[in-house]
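The sequence shown begins at 545 in the numbering used here and counts up by one. Ideal placement from N, C-alpha and C gives every residue a C-beta, glycine not left out. Note that the structure is a prediction, hence the values are computed from the model and not measured. Below is one structure, written out as structure tokens, with a few remarks after it.
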Amino acid sequence: MRELRAYANQNSIVLPALKPWLYASGSLTQQLTDLAGGVFKVQPIQEHYQRLSRVDSRWMNMPHQHTSWVRESYLYGCDAEPWVKAKSIFPILSLQRRARLFKHIGKKPIGWFLFQRTNPICQRRVILLEDGWTRQSCYTWHGCKFIVQETFLPAFEQFIQQKIKQ
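Right under this line is the structure:
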């Protein structure tokens with residue numbers, strides 16, 4: 545269960561400027577685009593199939609032996625460095641229904657489809673992973689369940705800190 549292991553160190557306190565981002569509702573895609581003055585880019589890292597972890601399967605109330613399709617990508621704002629490392633986990637059962645469109649979106653952000661004329665049900669948890677503070681959201685969208693994990697990287701934390709100083 546490595547993905548849920550919190551990493552405690554002297555820097556494990558959430559920056560006050562980051563808290564609103566960890567707990568914000570709605571489309572992170574839109575929020576980052578607004579912050580970056582209209583600039584936003586998705587850079588896929590990898591897409592693959594894997595078995596659901598026990599933690600994720602319990603959260604989505606699905607058998608852990610089910611296979612899922614995983615999409616990992618970096619999200620960029622107006623900086624050269626990525627702001628967010630995103631990981632989306634779609635159980636095969638969801639991909640056999642309306643969520644199948646997410647498997648073919650390429651460099652388009654999931655948020656553009658997820659929040660288009662809908663307000664999906666969302667359960668959220670915030671944890672500290674190796675790469676940084678992370679929000680994990682379990683969405684129910686048109687009867688499909690899936691997880692979107694967004695880790696805020698150091699470049700984003702630096703950007704929002706500088707924004708506050710201005």
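Under 8 Å, do residue i and residue j count as touching if we go by C-beta distance?
i	j	result
S638	F584	no
Q668	Q680	Sequence inspection shows Arg at residue 668; the Gln mentioned does not correspond to that position. In contact: R668 and Q680 (Cβ atoms closer than 8 Å).
S617	Q594	no
M604	C682	yes
G676	S571	no
For residue i, does the three-state DSSP call read helix, strand or coil?
i	result
V670	strand
Q590	strand
V692	strand
N553	A caution first: N553 carries a pLDDT of 43, below 50, which makes its placement in the model unreliable, though a value can still be read off. Residue state, collapsed to three classes: coil.
M545	Bear in mind that a pLDDT of 32 at M545, under 50, signals an unreliable position, so the number given afterwards is only what the model happens to contain. It is coil, neither helix nor strand.
P664	coil
G655	helix
A630	strand
S569	coil
Q680	strand
Q635	Checking the sequence, you will find Pro at residue 635 rather than Gln. Correct three-state label for P635: strand.
On the premise that residue j lies in contact with residue i, defined as a C-beta separation below 8 Å, what is that separation, rounded to the nearest angstrom?
i	j	result
L619	H610	Not quite, the Cβ-Cβ distance comes to about 27 Å (not below 8 Å), so this is no contact.
W627	L576	6 Å
L562	F696	6 Å
A580	G621	3 Å
D623	A699	6 Å
For residue i, collect the residues of the same chain with a Cβ closer than 7 Å to its Cβ; drop the 5 residues on either side in sequence, then sort them by chain order.
i	result
T684	P664 and I665
S556	L672
E701	L559 and L562
K629	Y618, D675, T695 and L697
T573	F584, P653, G655 and W656
To which residues of the same chain is residue i closer than 6 Å at the C-beta, ignoring the five residues directly before and after it?
i	result
A631	Per the sequence shown, the amino acid found at residue 631 is Lys instead of Ala. Answer for K631: E616 and Q693, listed in chain order.
S601	H608
H592	V614
Counting only the same chain and skipping the five closest in sequence on each side, list residues whose C-beta sits under 8 Å from that of residue i.
i	result
K652	V586
Q705	L559 and A561
**OP:** Go through the stretch 600 to 624 residue by residue and report every complete run of the beta strand (DSSP E) that reaches 3 residues or more, in order.
**Re:** 611 to 620
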